[in-house]
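So that you can map any letter, position 9 of the sequence shown is 300 in the numbering used here, and since no number is skipped, the others follow by simple counting.
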Amino acid sequence: MFKKRFDELQKNFSGFEKIKKFKLLPKEFTIDAGELTATLKIKRKVIYKKYKEIIDSMYGEKMRIKRKSDLYKNNDIFIFKDHLSDPV
């Protein structure tokens, strides 16, 4: 369902602009859970540690974070299940 909608929305995008992989997560990232800073920036190392199995299933075991940007390379995103009532 989401893949089809992403494809429709991205039909005029260049390849490097398109979302290629995504996973639905059970909840949004929060400050209380230690996933966001006080200024709402993502704590990438915390996210990677907490969601390692999900991330590795997307990229394979060889994927390791070398730079902050590596967590979201290839235009992949995460969608939170809390937002499913309003389809993308």
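Where is the CB? At the ideal position from N, CA and C, for every residue including glycine.
Note that this is a predicted model, so its numbers are computed, not measured.
Cβ neighbour criterion (16 or more within 10 Å) applied to residue i
{"i": "I322", "result": "exposed"}
Beta-carbon contacts of residue i that lie in its chain and below 8 Å, excluding the five residues immediately before and after
{"i": "L327", "result": "F320, T321, I333 and K334"}
{"i": "L331", "result": "I322"}
{"i": "K343", "result": "none"}
{"i": "A329", "result": "I322"}
For residue i, the first and last residue of its enclosing alpha helix (DSSP H)
{"i": "K293", "result": "Per the sequence shown, the amino acid found at residue 293 is Phe instead of Lys. Element bounds for F293: F293 to L300."}
{"i": "E344", "result": "K343 to Y350"}
Cβ neighbours of residue i in the same chain (closer than 7 Å, five flanking residues each side left out)
{"i": "E299", "result": "none"}
Opening and closing residue of the beta strand (DSSP E) in which residue i lies
{"i": "K314", "result": "F313 to L316"}
Heavy atom of the ligand NAD within 7 Å of residue i beta-carbon
{"i": "K334", "result": "What this structure holds is no ligand at all, so the ligand NAD is not there to describe."}
Beta-carbon proximity list for residue i, same chain, < 6 Å, skipping 5 on both sides
{"i": "K336", "result": "none"}
{"i": "F325", "result": "Per the sequence shown, residue 325 should be read as Gly rather than Phe. Only V337 meet the Cβ criterion."}
{"i": "Q301", "result": "K309"}
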